[in-house]
Amino acid sequence: MSGPFSESPSVQSEEHKDYEGSKLGMWLFLFTEIILFGGLFVLYSGYRAKYPNEFHQGGQDLNTVIGVTNTVILLTSSLTMAIAIAAIQRANRKLSIGCLAATILFGAAFLLNKYVEWSGEIRHGIYPNSPQLLEEPHGRQIFFGLYYSMTGLHGLHVLAGIILLSVMLTFLIRKRISSEDFNRLENSGLYWHLVDVIWIFLLPLFYLAA
Amino acid sequence: MEATNKHLHSIPYRTYITVWLALLALTAILVLAGELFHEALAVWAMLVLTPVKAGLVFFFFMHLKYERTALKALVFMTLGLLVMVIALFFLDISYR
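Protein chains in written order, with this note's numbering: chain R, 1 to 210; chain W, 211 to 306.
If you want it as structure tokens, here you go:
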């Protein structure tokens, strides 16, 4: 190919990176996530106002210990995520890899807890459209419908975060993320922290509301 | 090549650990409030402390404290929009 650019290949090989723009793009995506979950929070509040007793009773039937344990797990995973970024900025690759791996493991532990929790409830016949639930009051059906859809959507976000962070871990190990170029790790961290923030709001709505 | 965020270098690990301990303490207060306090007080504790927890994550873990004013303004506008939607929604359902 001939043209004005073919004469200076060195200009083409210089990769341009716009860190500020990429971070702003990540935040804009997070805004759509905030609005997505915000809509579900509005739905929850509306039905809670309509069925206060059923929602109160529903919250009592959930396992507070598992809910609080998962909160501690996610808060701690946010700490290890933040330290993973701070460490690679200081060119401490070993600490960064260790902390990012810990973050992924905490995420997996969260999902494992979720699995134990959900399978216990399903064994008791509480799941959307279950014969037992269909015979119970309407407000209770709505409470558990919201519980499964909101914590389920959040769980999918945790799963997506685990996959994203696993890719970042391979980048870190292969030195494609460095103290000079860690923007991808920082943006992934923003996503992980937002998933933590959403859980911070889900905890009082479902587990502490009784 | 410019580093992503030069001022981030000055955030010590200690700051993150302090924020984490504060988040755990606030969670403990929330759980205890539900067990010990009168229901109305427990609800108020939730309404106040939950946004405080989210704010700590936003400001320190997500570095919002160290970002430009323009980005801070964008975040507050998004959250403000959500608060307005919730307020309008409750106005609607309480006067039907």
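Where is the CB? At the ideal position from N, CA and C, for every residue including glycine. This structure is a prediction, so every number in the text was calculated from the model and none was measured.
Query, Result
"Pairwise C-alpha distance: R174(R) and A102(R)", "18 Å"
"Contact with chain C by L246(W), beta-carbon distance below 9 Å", "Here the protein chains are R and W, and chain C is not one of them."
"Rounded separation between H248(W) and L203(R) - CA only", "19 Å"
"Supposed contact pair V68(R) and Y207(R) - C-beta distance, whole angstroms, cut 8 Å", "7 Å"
"Pair within 9 Å by beta-carbon distance, L30(R) and L194(R)", "yes"
"Top-ranked residue by Cα proximity to S96(R), from G58(R), H16(R), W118(R), I177(R)", "I177(R)"
"Uninterrupted alpha helix (DSSP H) stretches inside the segment 250-292 of chain W (no shorter than 4 residues)", "none"
"Nearest-angstrom Cα separation, counted from E180(R) out to E212(W)", "Any reading at E212(W) must be qualified, since the residue scores a pLDDT of 44, below 50, and its modelled position is unreliable; no value is offered."
"Chain R residues whose Cβ lies nearer than 8 Å to that of L301(W)", "Near L301(W) there are no residues of chain R at all, since even the closest Cβ is about 12 Å away, more than 8 Å."
"Within 9 Å, strictly: CB atoms of D196(R) and S22(R)", "no"
"F31(R): first and last residue of the uninterrupted alpha helix (DSSP H) it sits in", "19-50"
"Proximity to V65(R) [Cα-Cα], best of Y51(R), S149(R), F55(R), V116(R)", "V116(R)"
"Member of N113(R), I85(R), F37(R) whose CA lies at the smallest distance from the CA of T71(R)", "N113(R)"
"Helix, strand or coil at I200(R) [DSSP, three-state]", "helix"
"Y232(R) to S220(W) span [Cα, whole Å]", "There is no way to answer for residue 232(R), as the model of chain R reaches only from 1 to 210."
"Identity of the residue in R123(R), Q141(R), Q89(R) nearest Q57(R) by Cα", "Q141(R)"
"Validate contact between the segment 232-242 of chain W and the segment 251-262 of chain W using beta carbons, cut 8 Å, 3 pairs", "yes"
"For N63(R), the nearest candidate out of H124(R), I162(R), G98(R) (CA to CA)", "H124(R)"
"Closer than 9 Å to chain R by CB, I227(W)", "yes"
"Under 9 Å from the C-beta of V267(W): neighbouring residues of chain R", "L75, S78, H193, L194, D196, V197, I200"
"CB contact check: A252(W) to chain R, cutoff 9 Å", "yes"
"Chain W contact residues for W27(R), given Cβ-Cβ distances below 8 Å", "L281, L284, V285"
"Residue from E33(R), A108(R), E54(R), A82(R) with nearest C-alpha to F271(W)", "A82(R)"
"Within-9 Å CB hit, Y223(W) to chain R", "yes"
"Range of the contiguous alpha helix (DSSP H) that encloses K175(R)", "Per DSSP, K175(R) belongs to no alpha helix (DSSP H) and is neither H nor E."
"Buried versus exposed, by CB contacts within 10 Å (16 or more), H154(R)", "buried"
"Inter-residue Cα distance where the pair is A243(W) and L231(W)", "18 Å"
"CB of V158(R) within 9 Å of CB of F110(R), strictly", "yes"
"Under 7 Å by beta carbon: chain R residues contacting K263(W)", "I200"
"Interface partners of I296(W) on chain R, CB under 9 Å", "G38, F41, V42, S45"
"Host alpha helix (DSSP H) of R93(R) (start-end)", "93-123"
"Beta-carbon proximity of I198(R) to L292(W), cut-off 9 Å", "no"
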